[in-house]
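Q: Have a look at this one before I ask anything.
What follows is the structure, given as structure tokens:
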């Protein structure tokens, strides 16, 4: 037995390692999103169902269906007749469980989907810079589209190469070019609530501008040669 272990210990070690990796608990992106903690200024997008169906118009729980609730400075959301409920500091899953209990008296089988929306400020060369709230599953491409695209379009992707995340005066660079091509979500990109995404104004020559300068230079040369021949 000892000789067998000595002879095949490499294979046994690899087998055990693979077994541990594949049997270890692994959180999916949906599970990780449930662990996001929201704070004042963030928001929660609620979808409320009675059983497996959306509530009919006029039913009490329909006023909470497909609605966005902003967390105020006290960390609360205003749920109309249900009053103000503090959700700041709670995970998305804890918020869902809390609101499910609140709505139990008004539905046979209340089911709530809670989608976190975080605060992101877009500054610089966006078509419509400003303050936004985005779902963490929003793709980086969609985020740019909602902000009116980039000034000058994506010619050469130079704007993406100069883009950075500002977080509490710390500058963070990411591979934004790859993110826009692969449809990476802002959560996968590492964007957090309160971040600023900045596209600085860079006077970098584009292909078109270089061609204009080239054509202008050629016209000057031709003019010079013409005058030279005439003299």
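In my numbering, the protein residues as written are 4 to 234. Quick reminder that beta carbons are idealized off the backbone N, C-alpha and C, glycines included.
Report the rounded CA-to-CA distance for residue 143 versus residue 186, giving the unit in angstroms.
A: If I take the Cα positions, the gap works out to 6 Å.
Q: So, helix, strand or coil for residue 103, using DSSP?
A: Reduced to three states, the DSSP call for residue 103 is helix.
Q: What did DSSP end up calling residue 141 once you bin it into helix, strand or coil?
A: In the structure shown, residue 141 sits in coil (DSSP, three-state: anything other than H, G, I, E or B).
Q: Using 8 Å for Cβ pairs, my map puts residue 126 next to residue 199. What's the rounded Cβ distance?
A: Rounded, the Cβ-Cβ distance is 6 Å, consistent with contact.
Q: Need the endpoints of the alpha helix (DSSP H) that residue 181 sits in, please.
A: Where residue 181 is concerned, the enclosing alpha helix (DSSP H) stretches over 179 to 185.
Q: Within 10 Å of its beta-carbon, does residue 123 have 16 or more other beta-carbons around it, so buried, or fewer, so exposed?
A: Buried, since its Cβ has 16 or more Cβ neighbours within 10 Å.
Q: Would you mind reading off the limits of the alpha helix (DSSP H) that contains residue 45?
A: From DSSP, residue 45 is part of no alpha helix (DSSP H); its letter is neither H nor E.
Q: So, are the CB atoms of residue 42 and residue 74 less than 8 Å apart?
A: Result yes, Cβ atoms of residue 42 and residue 74 sit closer than 8 Å.
Q: What would DSSP say about residue 113, mapped onto helix, strand or coil?
A: It is a strand residue.
Q: Measuring only the C-alpha atoms, how far is residue 118 from residue 164?
A: Approximately 31 Å between the Cα atoms of the pair.
Q: Which residues in the same chain as residue 202 place their Cβ atom closer than 7 Å to its Cβ, once the five residues preceding and following it in sequence are excluded?
A: Taken in chain order, the residues that qualify are 127, 128, 129, 153, 162, 165, 166.
Q: Among the residues of its own chain, which have a CB less than 6 Å from the CB of residue 71, if the five just before and after it don't count?
A: These residues qualify, in order along the chain: 46, 48.
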